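Step one of this worksheet: look at the structure below.
Number of protein chains: 2
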Amino acid sequence: MNVHTTEDAIACLRSVGVPITQQRIEIARVLFARPVHLSADQVLERVRVNAPETSRATVYNTLRLFREKNLVRELIIDPDRVVFDSNTDPHYHLYDVDTGEVRDVAADELKVVGVPRLPEGVELEHLDVIIRVRSKRT
Amino acid sequence: MNVHTTEDAIACLRSVGVPITQQRIEIARVLFARPVHLSADQVLERVRVNAPETSRATVYNTLRLFREKNLVRELIIDPDRVVFDSNTDPHYHLYDVDTGEVRDVAADELKVVGVPRLPEGVELEHLDVIIRVRSKRT
DNA sequence: CTAGCTGCAAATAATTTGCACGCAA
DNA sequence: TTGCGTGCAAATTATTTGCAGCTAG
Chain B
1 MNVHTTEDAI ACLRSVGVPI TQQRIEIARV LFARPVHLSA DQVLERVRVN APETSRATVY
61 NTLRLFREKN LVRELIIDPD RVVFDSNTDP HYHLYDVDTG EVRDVAADEL KVVGVPRLPE
121 GVELEHLDVI IRVRSKRT
Chain S
1001 MNVHTTEDAI ACLRSVGVPI TQQRIEIARV LFARPVHLSA DQVLERVRVN APETSRATVY
1061 NTLRLFREKN LVRELIIDPD RVVFDSNTDP HYHLYDVDTG EVRDVAADEL KVVGVPRLPE
1121 GVELEHLDVI IRVRSKRT
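Just so you know, the protein sequences line up as chains B and S, in that order. Here the numbering used here is used: position 4 in the first sequence is 4, and no number is missing along the way. Quick note: to get the numbering used here, add 1000 to the position in the second sequence (first position is 1).
Here it is as structure tokens:
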């Protein structure tokens, strides 16, 4: 995703069949200018730089909509740190439990071998790998 | 962990230096009779079968305590489905997003190859793998 | 005895919802 | 025009906390 201008954002929203609004354009620009890991509140904060009247509820609604359209993944790393990941390529995560930092690990850096054979009628939805690390100096 | 009787539970609590109380004994018996994946509310519900006066706050406090003592792992599978896993052996998880079922995958069934070299001062805390599957008939 | 738990209820935090108005097509 | 989206505030849900009484060691 390489969304920088308003036109890019409109094209992006149209491509998934989402009606265009000013707020959605701003939210798309925050998320898709480059890969980010942001909480709902961080998205709100950044959106308000350009669109100060945006409400929290709209950000939540839009993030939910984007998630349904597979524009973002909700990354479940910590109940107190739900973030939205705008990188939709297959990849894994490295999470520092002390600093809260999240880093992407490209899919070709790491392999998971031996995923169990799934019963028929069951299909793989997503494979999450989270490498949790600790950096606290003792 | 093989806790069935009150005595087993007391031994288990003592082994990690947790003072004994009636509620902690009941909670330990719910969790450690066999490996389970339970939400805080499910634990409360099961504890109340034998100890109906137990309060929700006590269950939350005790689960937190057990987590700090590494008696259980908090498994974050979905922001709406935080469960406590009483299996502390290394293992991975298979999660059915449609039924909500969680299944353990033994550590020797699956290998993760190519975990990035960690910077110095940073150490691995835990490696989580969640295989998310979909079973809904279309 | 007495420090530390417990139960209750109120506080907090994150997210969702209801409703009247306004904007995009 | 006209329905969907938005902002606001209230509702909801999950978890934590303050406090007075009780219990284990």
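Here a beta-carbon is modelled for each residue, glycine too, at the ideal position from N, C-alpha and C. Every value quoted in this text rests on a predicted model; they were computed, and no experiment measured them.
Check, Outcome
"Contact set for aspartate 104 of chain B: own chain, Cβ-Cβ below 7 angstroms, skip 5 residues either direction", "Pro35, Asn87, His91, His93"
"Segment contact flag, the region 53–69 of chain B with the region 105–117 of chain B, C-beta cutoff 8 angstroms, min 3 pairs", "no"
"Residue nearest to histidine 1126 of chain S in terms of C-alpha spacing, selected from B:Val122, B:Leu127, B:Glu125, B:Arg132", "B:Arg132"
"Within 8 angstroms, strictly: CB atoms of leucine 13 of chain B and alanine 28 of chain B", "yes"
"C-beta contact flag for serine 39 of chain B and valine 72 of chain B at 8 angstroms", "no"
"Under 8 angstroms between C-beta atoms of glycine 1114 of chain S and lysine 111 of chain B", "yes"
"Reduced DSSP category for isoleucine 1047 of chain S - H, G, I as helix; E, B as strand; rest coil", "Checking the sequence shown, residue 1047 of chain S turns out to be valine, not isoleucine. Helix."
"Cβ neighbour criterion (16 or more within 10 Å) applied to glutamate 1053 of chain S", "exposed"
"Nearest-angstrom beta carbon gap, glutamate 1026 of chain S and valine 1047 of chain S [assumed within contact, 8 angstroms]", "5 angstroms"
"Simplified DSSP assignment, three categories, for valine 113 of chain B", "strand"
"Candidates B:Tyr95, B:Asp128, B:Val3: closest to tyrosine 1095 of chain S by CA position", "B:Asp128"
"Glutamate 68 of chain B - containing alpha helix (DSSP H), residue span", "56–68"
"Integer-rounded CB distance, given that glutamate 109 of chain B should sit under 8 angstroms from proline 1116 of chain S", "6 angstroms"
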